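Number 120 in numbering that gives the first Met the number 0 belongs to position 121 of the sequence shown; there are no gaps in the numbering.
Data first, discussion second: the structure below is written as structure tokens.
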Amino acid sequence: MGKPEEFDPRLKSYLHRGASTPAPAGFEARIAAGARRQRRGWVLQVAAAAALLVLAVGLGIALQRARQSVGVTPTPTPFASPNINPTPTPTPSGPYPLLPPVSLRMISASTGWAAGSGTNRILRTADGGSHWDDAGPRGAQPGNWTTFFLDANNAWVASSLQPGSDTPDFSVHVYRTSDGGKNWNSAGVVAAGQGWPSSMSFVDASHGWLFMNLGGAAGSQGVAFYGTADGGRTWTKLSEADTSGSSGHLPLSCSKGAPVFLNPSTGWLPGSCSAGGGPFFYVTRDGGRTWHNVALGSPAGWGSTCMCEVTSLRFSDARNGVFVLTSYGSAGVPESAVYSTTDGGGSWRPGPSLPAQAYDVFFIDKSHGWTINPKANNSLLSTSDGGQHWSTVGPIPSTQGVTAGRRAASQPATR
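Right under this line is the structure:
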């Protein structure tokens with residue numbers, strides 16, 4: 000705008016040239032003073048804007064440095080190639096998020112496994128649930144996955160990527176550990192063609208089944224069974240739900256739960272119909288190739304039909320088993336009861352009710368069992384009288400109390 004001392008003369012000259020009528024007395028002085036005040040205000044505005052800019056830049060730099068100072072656990076890189084005896088890879092010590100857990104299996108009163116959703120974490124306890132160790136495969140593919148824990152040493156993970164990812168064929172990678180989760184190997188690949196792994200079941204280190212969820216419309220669920228006789232290295236498709244209504248076929252209608260096998264031949268598949276048809280079982284006697292319906296009544300007072308769901312089907316041996324039947328009632332409030340059998344599923348009788356909202360019950364015999372109570376910070380509850388009474392063992396850790404150990408997983412096998 001020029002030097003300050005040149006401003007007043009230039010303004011006076013401009014007013015004289017452009018005025019059509021004489022200016023009032025003192026008009027030029029008032030205009031000049033106002034312009035100087037306006038100019039000083041403009042200078043102050045520029046200075047304030049510059050100060051704000053410097054402050055914003057300084058805060059941005061400080062924030063960036065603060066972020067860089069926070070420790071972030073890097074995502075482990077899968078191994079370059081499969082290894083029959085992989086060298087355990089150390090992982091950083093610290094807490095790992097797991098819960099809410101979606102699978103619990105107690106092998107004995109002291110040893111058990113738990114698996115969580117979304118975080119691909121597997122935990123193992125050796126003291127009845129008081130403390131937990133991270134025992135999951137580090138190189139497993141993320142996405143839809145399911146687990147099965149046979150005993151204290153043998154466990155499997157079946158994992159497929161999300162639909163629309165790099166595996167449009169919905170292939171499922173199976174991982175296995177035989178040393179309690181210290182090391183994991185790629186056991187094999189299931190070329191399922193469609194669907195995602197919903198559950199697995201093994202009766203020994205060799206014979207197992209993979210239950211694939213194929214999706215479906217409201218009131219229906221497509222499923223398919225695959226079996227292995229070599230610990231998960233190779234898989235064969237055994238059966239698939241359809242609409243034929245033929246004897247021995249699983250129906251496409253109604254929802255299905257997680258199947259449980261007693262031996263290489265006999266297995267149970269729970270289910271329920273949302274239209275008030277009540278719960279049911281399908282049983283196979285030929286290893287999953289054919290299935291036959293077994294009717295199941297509702298507990299006394301629940302009516303002949305109910306909006307029910309069958310979960311947590313478990314057999315502690317060939318004759319003794321339990322499951323949980325949950326009714327949602329007209330108000331939508333869940334009410335659960337434990338059913339038990341002592342004749343291999345030939346008959347079932349209702350037993351005691353579960354604590355409110357408890358889920359994933361597991362019994363190792365007809366008396367000793369565990370469940371998870373989400374209302375008490377996902378606490379582990381135990382019973383020694385068949386579910387008549389429950390006591391709190393302690394919370395399964397979510398972000399604290401999990402010890403990181405040495406874990407390894409080999410690269411998925413190529414097709």
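C-beta: ideal position from N, C-alpha, C; glycine also.
Given the structure is predicted, the values throughout are model-derived calculations rather than measurements.
Backbone secondary structure at P263 - three-state DSSP: coil
Coarse secondary structure for A47, derived from DSSP in three states: Unreliable placement is indicated for A47, whose pLDDT of 48 sits below 50; the coordinate value is still reported in the next sentence. Reduced to three states, the DSSP call for A47 is helix.
Distance CB(T289)-CB(G247) smaller than 8 Å: yes
Nonlocal neighbours in the same chain, by C-beta distance under 6 Å from N376, ignoring five residues either side: P394
For D178 and W144, the rounded distance between their alpha carbons: 21 Å
Boundaries (first-last residue) of the beta strand (DSSP E) holding K236: 235–239
Assigned secondary structure, K417 (DSSP; H/G/I helix, E/B strand, else coil): This structure gives no information on residue 417, because the portion of the chain shown stretches from 0 to 414.
Endpoints, the beta strand (DSSP E) within which M211 is located: 207–214
Exposure of R284, with buried meaning 16 or more beta-carbon neighbours within 10 Å: exposed
Sheet register partners of L312 (DSSP bridge): Answer is none; L312 lacks a bridge partner.
Three-state secondary structure assigned by DSSP to P394: strand
W144 at chain D interface by Cβ criterion, 8 Å: No chain D is present in this structure, which holds just one protein chain.
Residues near G135 in its chain [Cβ-Cβ closer than 6 Å; skip 5 each side]: R120, I121
L251 versus T341 - alpha carbon distance: 30 Å
Contact test: V321 Cβ vs the ligand FMN heavy atom, cutoff 7 Å: What this structure holds is no ligand at all, so the ligand FMN is not there to describe.
Contacting residues, own chain, Cβ-Cβ under 7 Å from S107 (five flanking each side not counted): I363
CB of V360 within 8 Å of CB of V337, strictly: yes
Pairwise C-alpha distance: S383 and Q193: 43 Å
S378 vs N372 beta-carbon contact at 8 Å: yes
Extent of the continuous beta strand (DSSP E) to which G320 belongs: 320–326
Beta-ladder partner(s) of S107, from DSSP: DSSP output for S107 lists no bridge partner at all.
Helix, strand or coil at G179 according to DSSP, with G and I counted as helix: coil
Whole-angstrom C-beta distance between A191 and S170, which should lie under 8 Å: 7 Å
Of the residues P351, D316, L324, the one placed nearest F280, counting alpha carbons only: L324
Enclosing beta strand (DSSP E) for I121 [first to last residue]: 121–124
Proximal residues to S129 (C-beta, below 8 Å), its chain only, five neighbours per side dropped: V392, G393
Reduced DSSP category for L268 - H, G, I as helix; E, B as strand; rest coil: strand
Chain-order list of residues whose beta-carbon lies under 6 Å from that of Y327 (same chain, five-residue window excluded): M306, P333
Status (buried if at least 16 other CB within 10 Å, exposed otherwise) for D126: exposed
Buried/exposed call for Q387, threshold 16 Cβ in 10 Å: exposed
Where H416 sits in the DSSP three-state scheme: The first residue shown for the chain is 0 and the last is 414, placing residue 416 beyond what the model contains.
Rounded C-alpha distance that separates A223 from R104: 24 Å
Buried versus exposed call for H172 [16 or more other C-beta atoms within 10 Å across all chains shown]: buried
Contacting residues, own chain, Cβ-Cβ under 8 Å from A204 (five flanking each side not counted): L149, N153, S177, G230
Contacts around Q220, its chain only, beta-carbon distance under 6 Å, and the 5 residues preceding and following it disregarded: S254, K255
Three-state secondary structure (DSSP) of N143: strand
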